[in-house]
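Residue numbers for the sequence shown follow numbering that gives the first Met the number 0, beginning at 0 and rising by one. Taking it in order: structure first as structure tokens, then the write-up.
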Amino acid sequence: MKNTFLIIFGFFITAWCITSCKKDDESPLKNQFIKRTNQPMIVGDSIYFAYGAGSLNGGLSTMQVVASIPGAQGTGFESITHRMTPAGTEETKVVATSVETHDVTSTANLIDTNATTLRYYYVIPEAARGKQISFAFSVTNKAGNKASTSTPYYTISKMDIKRNDMMIATTTDKRYFSIADMKAYTFDEVEAGNLSAKIDFIYSYAATISPSGTAYAYKHTFVSPATNSIYFPAGFTIPDKWTKNSTAMERKIGTMVYDGQLKMDPSITIFIDDMDLINQSFTNSANYVINMTKDGGIFMKTADGKYTAFIYINNVEDANMKVIFSMKRYQNN
């Protein structure tokens, strides 16, 4: 997919060159962008564009993008172009002598070429959260011609995201989680910092539990501090002195709650967005979820109603009593 635009643009330039001799008023400079990002645009992530241009009267000189809000560090053009060989391997070629970004403007100074495509990445800053943003692309050639095109306005998500490299729980380490902080704590950290009021859910593991004398599969489980103790495994308790939040939990299983951003699988085009979190109902929800499995999902709402979150289970490890998960979080008004 990432090289399709370059191929299409090459065909476009070829066709244009063939027909332009018949059109005296044909512009000698053409440009086009394609927005590659099709997932919710979240602060800290990037919006990715492919920007292509071609010139009939001299080599290209510069490409430029002006964003309506300055991007975070890492915003700007690549200096290389990408193409796929007939053998199916990707090749790159340097086509810019320099690339730079200052405030809202990113510029690429091009090597003498008549047609090329560059990737532009906009790293979404905190200042853009919940706002609309647009981009003005332009290109010049050595003959002094200029062409430009602009994007529509895109709405930046209000959500936060934390992927699975940071969200890991075991029964012997960090197992107490704060949705407000998007962070895990150990028991000692909660005690030392008097943080119990921040704890929304706790990771617990046991092969089975027997709350009514009958054994049920328990395994990887999240409980809120206020969950009835019959749903805790033997030997696990919440200190009486702790604030016991009751976090609403709504379990979801199946591909409809897969999230390409949290699963980190580009083939998945299903995403949890702001409206999914805003509209999620917690009527008759429990405050615990038992026997979680890989690729499961859980919607949660904090006891104070301030946050709604979606938890995606990336992996579980029975032998290590461990769960690895990701989170999207929306702060309610």
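Where is the CB? At the ideal position from N, CA and C, for every residue including glycine.
Hey, residue i and residue j are a contact pair by Cβ (cut 8 Å); roughly how many whole angstroms apart?
i    : j    : result
Y306 : Q279 : With a Cβ gap of about 12 Å, Y306 and Q279 do not count as contacting.
M299 : T246 : 5 Å
Can the beta-carbon of residue i be found less than 8 Å from the beta-carbon of residue j?
i    : j    : result
E249 : S223 : no
I155 : M40  : yes
N108 : A95  : yes
M291 : T220 : yes
S133 : S67  : yes
G399 : K141 : Residue 399 falls outside the range modelled here, since the chain spans only 0 to 332, and no answer is possible.
T226 : Y217 : no
Q38  : F270 : yes
M326 : A308 : yes
V322 : Y215 : no
I79  : T91  : yes
M158 : D273 : yes
I312 : K251 : no
L55  : V138 : no
P124 : V42  : yes
F186 : Y175 : yes
F200 : F32  : no
Using the rule of at least 16 other Cβ atoms within 10 Å of the residue's Cβ for burial, across every protein chain shown, is residue i buried or exposed?
i    : result
N332 : exposed
D23  : For D23, the predicted structure reports a pLDDT of 40, less than 50, and the residue's modelled location is therefore unreliable. A value from the coordinates is still provided. Exposed, because fewer than 16 other Cβ atoms sit within 10 Å of the Cβ of D23.
H101 : exposed
Q260 : buried
V189 : buried
S105 : buried
F48  : buried
Y184 : buried
S209 : exposed
I110 : exposed
A168 : buried
S177 : buried
Y152 : exposed
G295 : buried
Just the C-alpha distance for residue i and residue j, rounded to the nearest angstrom, thanks.
i    : j    : result
S195 : L276 : 25 Å
V65  : D180 : 34 Å
A126 : Y120 : 17 Å
E316 : Y50  : 44 Å
S97  : K161 : 33 Å
H81  : M62  : 16 Å
G334 : V103 : Shown here, the chain extends from 0 to 332; a query on residue 334 therefore has no answer.
F231 : K240 : 18 Å
K173 : N193 : 16 Å
V93  : T74  : 18 Å
K130 : S149 : 18 Å
E25  : K145 : 14 Å
G304 : S211 : 32 Å
Below 7 Å, is the gap between the Cβ of residue i and the nearest heavy atom of the ligand ADP?
i   : result
A95 : This structure does not include the ligand ADP; it has no bound ligands of any sort.
Run through the stretch 168-240 for me and flag every whole alpha helix (DSSP H) of 4 or more residues, listed as ranges in chain order. 186-192
Those runs of the beta strand (DSSP E) which lie wholly inside the stretch 46-87 and span at least 3 residues: 59-66 and 79-83
Complete beta strand (DSSP E) runs within the stretch 86-166 (minimum length 3 residues, chain order): 89-93, 95-101, 104-109, 114-122, 134-140, 145-149 and 159-161
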